[in-house]
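Taken in order, the sequence shown gives residues 0 to 471; the numbers are from numbering that gives the first Met the number 0. Below you'll find the structure, written out as structure tokens, and then a few comments.
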Amino acid sequence: MVRLLGSALRSCRLAVPRTVPAPSSVLRRGAYRAYSQSAESDVAVNNDRPHASGKPSAKPPQKPRTVVDLGTPHTLATAQGPAAAMMDEDALYITHPTEGPRKLMHRLLRDACKCPQCVDPHSKQRNHRTSDIPPSIQPREIKWNGRVLEVQWTNDLPGFDESHTSRYTWRELTETHPNEFHSTSGKGRRRLLWDKAVMQKRQHWISYNHYMNDEPKFSAAMRQLASQGLIFVKGIPDSRDMVERIATRMGPLRNTFYGSTFDVRTVPNAANIAYTNGFLGFHMDLMYMNEVPGYQLLHCLQNSCDGGESLFADAFCVAEYMRSHHPKEYKILTRLFLCYEYNHENHVYGNYRRVFETGYPGGPLVHVNYSPPFQGSLLTSQALRNPKDLEEGMAALKLFADLLQQESNIFELKLNPGECVIFENRRIVHARRQFNTATGQRWLAGAYVDEDDLRSRFAVSRRKYSWMWAQE
């Protein structure tokens with residue numbers, strides 16, 4: 000068996016044994032057979048997820064390792080477990096037949112144990128510190144039963160005897176964050192990009208009653224909000240308090256200097272252009288704050304004026320179009336910082352943000368930051384410090400603005416009383432047409448919910464209704 004596996008690994012990095020071993024394997028320290036260094040040199044390990052480029056990112060150290068067969072191909076297909084493992088004094092090297100190899104340092108593997116001794120089952124809090132793990136800790140026994148990797152330890156933490164067993168599923172070994180970056184509820188999730196034609200077909204409306212009282216339909220709405228960044232609630236009772244109820248169904252209200260909720264209506268000498276009846280161009284809210292609200296709600300209470308239509312566009316869709324068709328300009332906007340400010344008598348805020356913000360260099364877009372009405376001075380911008388940079392930066396910014404303004408990218412509707420829009424603030428730009436206050440009244444109640452709270456809601460919903468949250 001060991002010879003066959005060694006030969007397979009020399010010819011193919013992801014090879015699995017051709018013979019069918021016993022369905023359960025037990026490995027004990029002192030009973031290992033080590034590979035020669037020449038066999039090891041053909042094995043590469045990629046432990047750089049989620050930033051993996053598809054190329055091996057790390058090679059195991061050139062020292063003898065123990066090879067361990069951990070299950071049959073049939074068991075692997077049904078249990079989604081590792082196919083084989085090798086071990087040296089520093090790490091386990093586990094290979095999965097479809098997901099590739101993974102390097103598991105002994106101390107980090109021990110640190111990941113979530114048994115009741117290590118993590119309190121009620122509070123979900125740890126009972127030890129990472130720094131408490133002895134440098135000399137090593138697996139004493141490794142067992143695979145087709146579903147769970149079990150490890151018993153030598154030189155374990157103080158207070159843990161030899162009966163302590165760490166258990167890990169393959170998912171626990173590969174998805175170490177409860178809301179993984181690339182998952183359908185994570186920060187780097189794949190979005191459904193839309194333009195006018197797509198949103199006209201896919202706009203998601205849910206009744207207030209279903210939103211508040213029907214958990215599966217609420218989860219479906221959250222799935223659409225995570226994917227499309229824009230949903231609508233209808234049939235809302237005629238009360239100013241409803242926006243708070245709708246918002247807190249998703250998470251705590253985000254309090255700002257506007258209050259925990261706010262009113263959008265015309266006022267004299269307005270401190271915000273939103274509180275006038277003039278045209279309000281595409282923007283995102285509160286870019287000048289250190290922690291920008293993740294999601295915004297606008298509940299229509301009155302809208303009898305001529306005009307006042309709401310406009311929305313998917314800035315991610317436009318950004319991805321630029322990535323494909325204008326890569327130079329896209330790259331410029333991933334580096335270009337714009338200044339945003341709110342400078343009034345009683346409130347002063349300011350911040351610099353990249354127009355296109357990615358999770359990591361070359362990674363997926365996670366935020367767009369764009370709010371022309373609240374831009375500050377760029378005189379001190381380091382990204383525009385010479386004529387060439389200025390020309391290219393302005394050209395890229397103009398291209399983005401022009402694409403957003405194309406009619407084919409704009410979804411327009413006039414909210415009626417009893418309707419509420421919910422949208423992702425750092426993805427969806429919103430605007431409003433001018434309206435005539437002589438012909439009626441326009442009054443919207445607004446609120447914010449932070450991105451962390453919505454991603455938490457998405458993750459809980461994904462856990463309860465996983466089939467709803469499969470990739471589209």
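Glycine included, each C-beta is placed from N, C-alpha and C at the ideal position. Since the model is a prediction, treat every value here as computed from it, not as a measurement.
*asked:* Does the contact criterion of 3 or more C-beta pairs under 8 Å hold for the region 272-290 versus the region 425-440?
replied: yes
_Assumed close pair residue 208, residue 234 - CB separation to whole angstroms, cut-off 8 Å_ = 7 Å
*Compute the distance between the beta-carbons of residue 127 and residue 156, then report whether it is under 8 Å.*
yes
*Could you name the residues that DSSP lists as bridge partners for residue 91?*
86, 103
_Cβ-based neighbour list, residue 242, same chain, cut-off 6 Å, excluding 5 preceding and 5 following_ = 260, 296, 298, 444, 446
*The beta strand (DSSP E) spanning residue 280 covers which residue range?*
279-282
_Could you tell me the alpha carbon to alpha carbon distance between residue 303 and residue 441, rounded to whole angstroms?_
6 Å
_Please state the DSSP three-state secondary structure of residue 346._
coil
*When 385, 393, 341 are compared against residue 354, the one with the closest alpha-carbon*: 393
*Can we say the region 391-408 touches the region 220-228, given the rule of at least three CB pairs closer than 8 Å?*
no
*Compare the Cα-Cα distances from residue 284 to each of 340, 199, 247 and report the closest residue.*
340
*Does DSSP put residue 469 in a helix, a strand or coil?*
coil
*Within 8 Å (strictly less), CB to CB, does residue 183 reach chain B?*
Considering every chain present, this structure includes no chain B. It has just one protein chain.
_Alpha carbon of residue 288 to alpha carbon of residue 352, nearest angstrom_ = 10 Å
*asked:* In whole angstroms, give me the CA-to-CA distance for residue 197 and residue 405.
replied: 15 Å
_Suppose only complete runs of 3+ residues qualify. What are the beta strand (DSSP E) ranges in the region 357-417, listed by chain order?_
364-367, 410-412
*Check the DSSP bridge columns for residue 183 and list the partner residues they point to.*
Paired residues: none, contrary to the question.
_Whole-Å CB distance - residue 210 paired with residue 453, under 8 Å assumed_ = In fact, because the Cβ distance is near 14 Å, the residues do not count as touching under 8 Å.
*How would you call residue 158, buried or exposed, if buried means at least 16 neighbouring beta carbons within 10 angstroms?*
exposed
_Tell me the rounded alpha-carbon separation between residue 78 and residue 412._
Bear in mind that the predicted position of residue 78 carries a pLDDT of just 35, short of 50, making it too unreliable to give a figure here.
*Could you tell me which residues DSSP puts in a beta bridge with residue 206?*
233
_So, with DSSP's three-state summary, where would you put residue 276?_
coil
*Would you kindly work out how many angstroms separate the C-alpha atoms of residue 433 and residue 275, rounded to a whole number?*
9 Å
*Using beta-carbon positions only, say whether residue 192 and residue 315 come within less than 8 Å of one another.*
yes
*The beta strand (DSSP E) with residue 309 in it runs from where to where?*
309-313
*Just how far apart, CA to CA, sit residue 311 and residue 328?*
23 Å
*Nearest-angstrom Cβ-Cβ length linking residue 338 and residue 374, presumed shorter than 8 Å*: 6 Å
*Could you work out which residue in 178, 188, 236, 182 is closest to residue 206 when comparing CA atoms only?*
236
_Mapping the DSSP letters down to three states, classify residue 242 as helix, strand or coil._
helix
_residue 173 - containing alpha helix (DSSP H), residue span_ = 169-173
*Output the distance between the C-alpha atoms of residue 111 and residue 133, rounded to the nearest integer angstrom.*
14 Å
*So, residue 88 versus residue 137, is the Cβ gap smaller than 8 Å?*
yes
*How many whole angstroms separate the CB atoms of residue 199 and residue 410, which I take to be in contact at a CB cut-off of 8 Å?*
7 Å
*asked:* Please tell me whether residue 395 and residue 332 are closer than 8 Å, where the distance is taken between their beta carbons.
replied: yes
_DSSP three-state assignment for residue 295, whether helix, strand or coil_ = strand
*DSSP bridge partner residues for residue 250 (one or two, in chain order)*: Paired residue(s): none; residue 250 is not in a bridge.
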